[in-house]
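Chains as they are written, first to last, in our numbering: chain A, 18 to 250; chain B, 18 to 250.
Don't be surprised by glycine CBs; every beta carbon is placed ideally from N, CA and C.
Single-structure report; data block below.
2 protein chains.
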Amino acid sequence: MQRYFSNQLDNNKLILSSDDWYHIKTVMRMNNHDQIEVVYDTEVYLCEIDNQDIKIINKLEKKIDNNKKIILVIPLLRENKMDLVLQKATELGVNTIIPIKTERSIVQIDKDKENKKIIRWTRICKEASEQSHRTDIPIVTEIKNLNSLENIDGLKIVCSTREDKVSLKKILTKHENYDRIIIVIGPEGGLSNDEENYLIKIGFNPVTLGNRIMRVETVPIFLLSVLNYEYME
Amino acid sequence: MQRYFSNQLDNNKLILSSDDWYHIKTVMRMNNHDQIEVVYDTEVYLCEIDNQDIKIINKLEKKIDNNKKIILVIPLLRENKMDLVLQKATELGVNTIIPIKTERSIVQIDKDKENKKIIRWTRICKEASEQSHRTDIPIVTEIKNLNSLENIDGLKIVCSTREDKVSLKKILTKHENYDRIIIVIGPEGGLSNDEENYLIKIGFNPVTLGNRIMRVETVPIFLLSVLNYEYME
């Protein structure tokens, strides 16, 4: 069933955005009394289209989410690559996405365009959340610097090109008791030595992903796939 | 260093296609005496541009490939999704891609357009092989039916929506001694019951990928990531 997200509950009716109404009426061509699922405050409601309203029929049973929280820290990428990463990371269960500025990022985003970008990125995550039937939408934060990660808590991983790195598998199987994982991915040219040293100093584990040469946008998809697999019941 | 594939060795010179020459001259803007790597018959040669020729300087040391062979059987997908799967599967080490017709495939390809499609798909794999510095190009076969898989040998996996399926992790950790893995992925609507029953009858293990709802093009990327991770040294 088609799923939408709502921010507002009003007298047994859930309020949807005009974009969602456009999708319901024009893209899906739904009619009066057709049913949809609407997520409000991480609860899923079975609803019915009732003229201009979305009427709640009943609340659906909640699936317990025992998953670890995943925070993905990614460099600024060209638009089509960024879109792919946001969509796939959402499908694969990411909780927070932190775009970061790095020394070797090719893509720059001006401060005055940043807000518009974050709105766009959040919309992509919302649509992917609907498609993959999530009950939450990943949070895309403002664009940050690496030193904003200084006080973050959890299992901290940075994808590294160093010699003395260990394999991802060793790190994940050694540290199973964390309920939060933070992963930093470098830009196309990699993180600089200074950046990597800084991350190691604040507690990040440098890991290797094996011998394959992957495009930068493949790395987060690879990592999230592996996390899903490793912590699968 | 930029890498190309050649099919022809002639008097210490490697012959490249006109597309490759276009890439060298116009895209990369390389000049006489610039160096490139050229793969010929799975060997990598350091070469130099010598006017209209590619002159071999020396053969580079070969990396031993102990990896398991991976055969990916995928439904026909819309062009942009197919392209993404071919590119990412190549980056993640696939050896053979078999496009199949299934009952619920939405995309149909006429027999007279099939050859053109396979040439296009092979080109995408070649370009991704160059980018990810592989020494071979995945083989894209003609479009087949499921019953062409009857006599295939190896660890056989089909992504399933059945109740009695087991987790991918159980299958992979139980069957580590195979040197070839065949994975069948269904189309957007899933394989039909008849198709899945047939595959199980010929030895395929139905597996679940967990609770996430992924788009069909995400599934092969997920699976290949997991195989890389599971068999990582």
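DSSP bridge partner residues for residue i (one or two, in chain order)
{"i": "A/Ser23", "result": "A/Tyr57"}
{"i": "B/Val157", "result": "B/Ile114"}
{"i": "B/Tyr62", "result": "B/Val55, B/Lys76"}
{"i": "A/Pro223", "result": "A/Val175"}
{"i": "B/Arg197", "result": "B/Lys86"}
{"i": "A/Ile217", "result": "Beta-bridge pairing links A/Ile217 to no other residue."}
{"i": "B/Asp36", "result": "The partner list for B/Asp36 (beta bridge, DSSP) is empty, contrary to what the question assumes."}
{"i": "A/Lys30", "result": "A/Asp27, A/Lys72"}
Min CB distance residue i to chain A below 8 Å
{"i": "B/Gly171", "result": "no"}
{"i": "B/His50", "result": "no"}
{"i": "B/Val243", "result": "yes"}
{"i": "B/His150", "result": "yes"}
{"i": "B/Arg179", "result": "no"}
{"i": "B/Gly203", "result": "no"}
{"i": "B/Arg121", "result": "no"}
{"i": "B/Phe46", "result": "The identity of residue 46 of chain B in the sequence shown is Arg, whereas the question assumes Phe. No, no contact with chain A."}
{"i": "B/Asp239", "result": "According to the sequence displayed, residue 239 of chain B carries Phe and not Asp. Taking Cβ atoms only, chain A reaches closer than 8 Å to B/Phe239, which makes this a yes."}
{"i": "B/Met231", "result": "yes"}
{"i": "B/Tyr21", "result": "no"}
{"i": "B/Leu109", "result": "yes"}
{"i": "B/Tyr246", "result": "yes"}
Assigned exposure category for residue i - 16 Cβ within 10 Å defines buried
{"i": "B/Tyr129", "result": "In the sequence as displayed, the identity of residue 129 of chain B is Asp instead of Tyr. The residue in question, B/Asp129, is exposed, as its Cβ has fewer than 16 Cβ neighbours within 10 Å."}
{"i": "A/Asn185", "result": "Before going further, note that residue 185 of chain A is Leu rather than Asn in the sequence given. It counts as buried."}
{"i": "A/Val44", "result": "exposed"}
{"i": "B/Tyr39", "result": "exposed"}
{"i": "A/Met231", "result": "buried"}
{"i": "A/Ile74", "result": "exposed"}
{"i": "A/Glu108", "result": "buried"}
{"i": "A/Gly206", "result": "exposed"}
{"i": "A/Thr99", "result": "Rather than Thr, the amino acid found at residue 99 of chain A in this sequence is Met. So A/Met99 counts as buried."}
{"i": "A/Ile123", "result": "exposed"}
{"i": "A/Thr225", "result": "buried"}
{"i": "B/Ile219", "result": "exposed"}
{"i": "B/Leu77", "result": "exposed"}
{"i": "A/Thr235", "result": "buried"}
{"i": "B/Thr119", "result": "buried"}
{"i": "B/Glu147", "result": "buried"}
Distance CB(residue i)-CB(residue j) smaller than 8 Å
{"i": "A/Glu213", "j": "A/Pro223", "result": "yes"}
{"i": "A/Ile156", "j": "A/Lys85", "result": "no"}
{"i": "B/Ser23", "j": "B/Val55", "result": "yes"}
{"i": "A/Phe221", "j": "A/Lys161", "result": "no"}
{"i": "A/Ile66", "j": "A/Ile41", "result": "yes"}
{"i": "A/His150", "j": "A/Arg20", "result": "yes"}
{"i": "A/Tyr105", "j": "A/Ile238", "result": "Note on residue identity: the sequence assigns Lys, not Tyr, to residue 105 of chain A. Result yes, Cβ atoms of A/Lys105 and A/Ile238 sit closer than 8 Å."}
{"i": "A/Ile117", "j": "A/Val90", "result": "yes"}
{"i": "B/Leu216", "j": "B/Ile87", "result": "no"}
{"i": "B/Ile141", "j": "B/Leu103", "result": "yes"}
{"i": "A/Gly227", "j": "A/Tyr195", "result": "no"}
{"i": "B/Glu131", "j": "B/Glu159", "result": "yes"}
{"i": "B/Ile200", "j": "B/Leu240", "result": "yes"}
{"i": "A/Thr152", "j": "A/Val61", "result": "yes"}
{"i": "A/Ser209", "j": "A/Arg95", "result": "no"}
Interface flag, residue i vs chain B, CB-CB below 8 Å
{"i": "A/Thr235", "result": "yes"}
{"i": "A/Lys118", "result": "no"}
{"i": "A/Lys105", "result": "yes"}
{"i": "A/Arg95", "result": "no"}
{"i": "A/Arg140", "result": "no"}
{"i": "A/Glu167", "result": "no"}
{"i": "A/Tyr215", "result": "no"}
{"i": "A/Leu89", "result": "no"}
{"i": "A/Leu185", "result": "yes"}
{"i": "A/Gly227", "result": "yes"}
Distance cut-off 7 Å: residue i Cβ against heavy atoms of the ligand ATP
{"i": "A/Gln125", "result": "Inclusion of the ligand ATP in the displayed structure is not the case, the ligand content being empty and no account of it being possible."}
- Message: Extract the residue ranges of the alpha helix (DSSP H) inside the segment 92-144 of chain B, only unbroken runs of 4 or more that lie entirely within it.
- Response: Unbroken alpha helix (DSSP H) stretches of 4 residues or longer found wholly inside the segment 92-144 of chain B: 96-108, given in chain order.
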